[in-house]
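Q: Take this structure first; my questions come after.
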Amino acid sequence: MHDLTVAELAQGLASGQFSSVEIAQAFLARINTLDEQFNSFITVDEDATLAAARLADERRSKGTADALTGIPIAHKDIFCTEGMRTSCGSKMLDNFIPPYDATVIARFNAVGAVTLGKTNMDEFAMGSSNESSYYGAVRNPWDVTRVPGGSSGGSAAAVAAMLAPAATGTDTGGSIRQPAALCGITGLKPTYGRVSRLGMIAFASSLDQGGPMARSALDCAMLLNAMAGHDPKDSTSSAMPVEDYCAQLNTPLQGLRIGLPKEYFGDGLEATTGQRVQNALDELQALGATLVEVSLPHSQLTVPTYYVIAPAEASTNLSRFDGVRYGHRCAAPVDLHDLYTRTREEGFGDEVKRRILVGTYALSAGYYDAYYKKAQQVRRLIKEDFMQCFDSVDLIAGPTTPGPAFALGEKSNDPVSMYLEDVYTLAVNLAGLPALSMPAGLVGGLPVGIQLIGPHFAESRLLNVAHQFQQHTDWHRHTPEGTTGAIK
Ligand code: GLN
Numbered sequence: 006m007h008d009l010t011v012a013e014l015a016q017g018l019a020s021g022q023f024s025s026v027e028i029a030q031a032f033l034a035r036i037n038t039l040d041e042q043f044n045s046f047i048t049v050d051e052d053a054t055l056a057a058a059r060l061a062d063e064r065r066s067k068g069t070a071d072a073l074t075g076i077p078i079a080h081k082d083i084f085c086t087e088g089m090r091t092s093c094g095s096k097m098l099d100n101f102i103p104p105y106d107a108t109v110i111a112r113f114n115a116v117g118a119v120t121l122g123k124t125n126m127d128e129f130a131m132g133s134s135n136e137s138s139y140y141g142a143v144r145n146p147w148d149v150t151r152v153p154g155g156s157s158g159g160s161a162a163a164v165a166a167m168l169a170p171a172a173t174g175t176d177t178g179g180s181i182r183q184p185a186a187l188c189g190i191t192g193l194k195p196t197y198g199r200v201s202r203l204g205m206i207a208f209a210s211s212l213d214q215g216g217p218m219a220r221s222a223l224d225c226a227m228l229l230n231a232m233a234g235h236d237p238k239d240s241t242s243s244a245m246p247v248e249d250y251c252a253q254l255n256t257p258l259q260g261l262r263i264g265l266p267k268e269y270f271g272d273g274l275e276a277t278t279g280q281r282v283q284n285a286l287d288e289l290q291a292l293g294a295t296l297v298e299v300s301l302p303h304s305q306l307t308v309p310t311y312y313v314i315a316p317a318e319a320s321t322n323l324s325r326f327d328g329v330r331y332g333h334r335c336a337a338p339v340d341l342h343d344l345y346t347r348t349r350e351e352g353f354g355d356e357v358k359r360r361i362l363v364g365t366y367a368l369s370a371g372y373y374d375a376y377y378k379k380a381q382q383v384r385r386l387i388k389e390d391f392m393q394c395f396d397s398v399d400l401i402a403g404p405t406t407p408g409p410a411f412a413l414g415e416k417s418n419d420p421v422s423m424y425l426e427d428v429y430t431l432a433v434n435l436a437g438l439p440a441l442s443m444p445a446g447l448v449g450g451l452p453v454g455i456q457l458i459g460p461h462f463a464e465s466r467l468l469n470v471a472h473q474f475q476q477h478t479d480w481h482r483h484t485p486e487g488t489t490g491a492i493k
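In my numbering, each residue's number is its place in the sequence shown (first place is 1) plus 5.
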C-alpha cells in the first residue's frame with residue numbers, strides 16, 4: 006500500500022478497498038522500521054494519528070468524505086500543530102507545544118486528512134541540505150551518504166522513501182523545490198500569498214510560502230486544493246479566488262510557449278544534469294510546446310540580493326525568541342541581559358546565528374542604504390525581468406539545482422558554496438512567483454529535477470504541464486526501492 010499515490014489511496018478509500026486506519030497503520034509501521042536510516046521525522050504521535058484516521062473512517066461511513074479524507078500527510082515541523090510539539094528544527098523550540106493550529110493544518114483537518122507526524126528540517130528553514138537541524142541531518146533515501154536537500158528535507162525524504170504519501174513544505178528560497186529535485190519527487194511553491202502563513206513559523210516574511218510535496222503533480226494539485234485560499238488572519242494572503250487545481254490537468258500542451266532563460270543553462274550547471282533537463286524539454290516539445298530562448302539579465306544578482314534580504318527579515322523575526330515568551334530559557338539568569346544572551350547563545354545553532362549577524366548588520370543605521378535598500382531595488386529589477394519574459398512566454402523552464410544530491414558534510418563548512426546551490430530557485434521567491442519542480446531523470450542513479458516557473462497565480466498551468474509530462478513519462482514513478490535499493 007505504501008507505494009500508492011494520494012490519488013490512488015483516495016480511490017481505494019472511496020471503493021472500500023481499505024480503511025484510513027489501515028493506511029495509517031501501514032505508514033506508521035514503515036516509519037517505525039525504516040526512518041532510523043533517514044531521520045526524516047522529528048515527532049510522531051501514533052495515538053493521535055490513529056484517532057484521526059478513525060474519525061476519517063467514520064466521516065466516510067456517514068457519506069461526508071472529502072477528496073483527502075483519511076489520507077495521511079506529514080507536516081514540516083514549521084507548521085504549528087495544536088498540542089503537538091513544533092520545533093522548527095531548533096533547540097530554541099524543542100519544548101514548544103503550540104496552543105493553536107496553523108491555518109494550513111486547520112484546513113487539512115477540516116477536510117479530514119490525517120496528520121502523520123512532523124518532519125525534520127533545517128533549523129528555522131535556513132539551509133539547502135538539512136544538516137542544520139538540531140535533531141541531526143536527514144539522509145537521502147536514494148543514497149544515505151548524501152543530503153536530501155533543504156530546508157524541507159525531512160518532508161522530501163519521507164515522501165521519497167514512501168514513509169508518507171505526501172507532505173507539506175515551505176519555500177523561502179527553494180526549500181520545497183530543491184529537496185523535491187534531490188529526492189525525486191514533485192513539489193510546488195505557490196504564488197506568494199496563495200497559502201496562509203498564519204502559524205507557519207516566520208523566517209523571511211516577504212518570501213516564505215507553504216506548499217505541497219508529493220509523488221505526482223496530480224497529488225500536489227489535490228493537496229493545494231486544501232491548502233490554498235484567503236485567510237483573514239494573514240494580511241498578506243491573497244483574496245484572489247482559488248481554482249479547482251485538479252480541473253485543468255488534462256489540457257493539451259499545443260501552443261504553450263516555454264521560455265528557456267539562457268542564464269540558467271550556462272556555467273555552473275553540471276553537464277549531465279543539463280542533459281536530463283534538455284531531455285525533459287524535448288518531451289514537452291513533443292507534447293506540443295514551443296521552446297523559446299529568453300533572458301533574465303539580473304540573474305547573477307539573485308544570490309547576493311536574497312542573502313541580504315532573507316537574513317535581514319530573519320534577524321527581526323527571530324528577535325522574538327528571547328527566553329521570555331516561548332521556547333528555551335537559559336538556567337538561572339542573573340539579569341535580563343544575561344537571560345537574552347545566554348538563551349539565544351544556547352538555543353540557536355551556527356547557521357541561524359550567522360544569518361542574525363548578517364541581517365542585523367545589513368539593517369543597522371550606517372549600512373541600511375548600502376545593503377538592505379540596495380537589495381530591495383535589485384529585487385525589483387529581478388521581478389521585472391520575469392514580468393518582461395511573461396509578455397512573450399506562458400512559463401519559464403530550467404534546472405532546479407546545478408546537480409544531483411551532494412555528499413553529507415561536503416558543503417557544510419563552506420556557506421557560500423551552499424548558498425550557490427540555490428542559484429536557480431531564489432529569484433522566484435524574490436519575485437513572488439509560483440514554481441514547481443518535478444523529476445527529470447537520473448544522474449548516476451540520483452534524481453534531478455526540472456523547474457517550471459509561472460506568472461503570478463498560474464499554479465493550474467504549472468500543474469497541468471507537469472501532469473501532462475507525467476502522463477507520458479515515468480521519471481516520477483522511479484523510487485529508491487526500484488533503483489539503488491537503499492531502503493531495505
Ligand atoms: N536555502 C535557502 C536558505 O537557506 C532557502 C531556504 C528556504 O527556502 N527555506 O535561505
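Even glycine gets a Cβ: it sits at the ideal position worked out from N, Cα and C.
Computed from a prediction, not measured in an experiment: that's the story for all the values here.
Inspect the beta-carbon positions of LEU229 and PRO195 and report whether they are closer than 8 Å.
A: By 1-based counting over the sequence shown, the position of residue 229 is 224. By 1-based counting over the sequence shown, the position of residue 195 is 190. Against a cut-off of 8 Å, the Cβ pair of PRO195 and LEU229 comes out as a contact.
Q: From the DSSP output, in three-state form, read off HIS80 for me.
A: Along the sequence shown, read from residue 1 onward, the residue named residue 80 stands at position 75. If DSSP states are grouped into helix, strand and coil, HIS80 belongs with the strands.
Q: With distances taken from CA atoms, which of LEU18, GLN22, GLU51 is nearest ARG64?
A: Here residue 64 refers to the residue found at position 59 when the sequence shown is read from its first residue. Selected option, being the one with the closest Cα: LEU18.
Q: State the Cα-Cα distance for the pair LYS493 and CYS93, rounded to the nearest angstrom.
A: On the sequence shown, position 488 is the one that residue 493 refers to. On the sequence shown, position 88 is the one that residue 93 refers to. Annotation note: pLDDT 46 at LYS493 (below 50); position unreliable, coordinate value reported separately. Spanning the two alpha carbons is a distance of roughly 29 Å.
Q: Skipping 5 residues on each side, what residues in its chain have a beta carbon closer than 7 Å to that of ASP213?
A: Residue numbering aside, residue 213 sits at position 208 when the sequence shown is read from its first letter. THR175, THR177, ARG202, MET205, ALA207.
Q: When you compare the CB positions of LYS81 and TYR139, do they come within less than 8 Å of one another, or not?
A: Numbered from its first residue, the sequence shown carries residue 81 at position 76. Numbered from its first residue, the sequence shown carries residue 139 at position 134. No, Cβ-Cβ distance for LYS81 and TYR139 is not below 8 Å.
Q: Going by DSSP, name the residue or residues bridged to GLN456.
A: Walking along the sequence shown from the start, residue 456 turns up at place 451. DSSP, once it has assigned bridges, lists GLY403, SER442 as partnering GLN456.
Q: With a 10 Å radius around its C-beta and 16 neighbouring C-beta atoms as the bar for buried, classify LYS123 as buried or exposed.
A: Translated into positions along the sequence shown, residue 123 becomes position 118. Per the 10 Å Cβ criterion, buried.
Q: What number of angstroms, rounded off, separates the C-alpha of ALA410 from the C-alpha of ALA165?
A: If you number the sequence shown from 1, residue 410 lands on position 405. If you number the sequence shown from 1, residue 165 lands on position 160. Taking the straight line joining both Cα atoms gives about 13 Å.
Q: Give me, in chain order, the residues of the same chain whose beta-carbon lies closer than 7 Å to that of SER25; leave out the 5 immediate sequence neighbours on both sides.
A: Along the sequence shown, read from residue 1 onward, the residue named residue 25 stands at position 20. The answer, listed in chain order, is LEU18, ALA58, ALA61, ASP62, GLY75, VAL119.
Q: For the ligand GLN, I want to know if SER180 counts as a neighbour, meaning its beta carbon is within less than 7 Å of at least one of the ligand's heavy atoms.
A: Here the question's residue 180 lines up with position 175 in the sequence shown. Yes - the ligand GLN has a heavy atom lying nearer than 7 Å to the Cβ of SER180.
Q: Could you check whether ARG182 and ASP399 sit closer than 8 Å to each other, using their CB atoms as the reference points?
A: Looking up residue 399 in the sequence shown gives position 394. Looking up residue 182 in the sequence shown gives position 177. In this structure, ARG182 does not lie closer than 8 Å to ASP399 by Cβ.
Q: For the beta strand (DSSP E) containing ALA118, name the first residue and the last one.
A: Reading the sequence shown from its first residue, position 113 is the one you call residue 118. Counting along the chain, ALA118 falls outside any beta strand (DSSP E), and DSSP gives it neither H nor E.
Q: Mapping the DSSP letters down to three states, classify ILE263 as helix, strand or coil.
A: Taking the sequence shown and counting its residues from 1, one reaches residue 263 at position 258. Here ILE263 sits in strand by DSSP.
Q: Identify, in the order they occur along the chain, each residue of the same chain with its Cβ nearer than 6 Å to the Cβ of SER134, setting aside the five sequence neighbours on each side.
A: Along the sequence shown, read from residue 1 onward, the residue named residue 134 stands at position 129. For SER134, where only same-chain residues beyond five positions count, the Cβ hits under 6 Å are VAL152, GLY155.
Q: Looking at the ligand GLN, does it come within less than 7 Å of MET218, judged from the CB to the closest heavy atom?
A: Sequence index remark: in the sequence shown, residue 218 carries index 213 (1-based). No, the beta carbon of MET218 sits no closer than 7 Å to any heavy atom of the ligand GLN.
Q: Please say whether VAL308 and VAL428 have beta carbons closer to each other than 8 Å?
A: Translated into the one-based positions of the sequence shown, residue 428 becomes position 423. Translated into the one-based positions of the sequence shown, residue 308 becomes position 303. In this structure, VAL308 lies closer than 8 Å to VAL428 by Cβ.
Q: At what residues does the alpha helix (DSSP H) containing THR175 begin and finish?
A: Here residue 175 refers to the residue found at position 170 of the sequence shown. Run containing THR175: none in the alpha helix (DSSP H); it sits in the beta strand (DSSP E), 171-175.
Q: Label THR108 either buried or exposed according to how many other C-beta atoms from any shown protein chain fall within 10 Å of its C-beta, with 16 as the threshold for buried.
A: Locating residue 108 in the sequence shown gives position 103, counting from the first residue. By the neighbour-count rule (16 or more Cβ atoms within 10 Å), THR108 is buried.
Q: Do HIS303 and LEU386 have their CB atoms nearer than 8 Å?
A: On the sequence shown, position 298 is the one that residue 303 refers to. On the sequence shown, position 381 is the one that residue 386 refers to. Yes, they are a contact pair.
Q: By Cβ distance below 7 Å, which residues in the same chain neighbour ALA471 in space, the five residues on each side in sequence not counted?
A: As a working note, residue 471 is residue 466 in the sequence shown. If we look at ALA471 and ignore the five residues flanking it on each side, its Cβ neighbours are THR191, ALA222, LEU441, MET443, LEU457.
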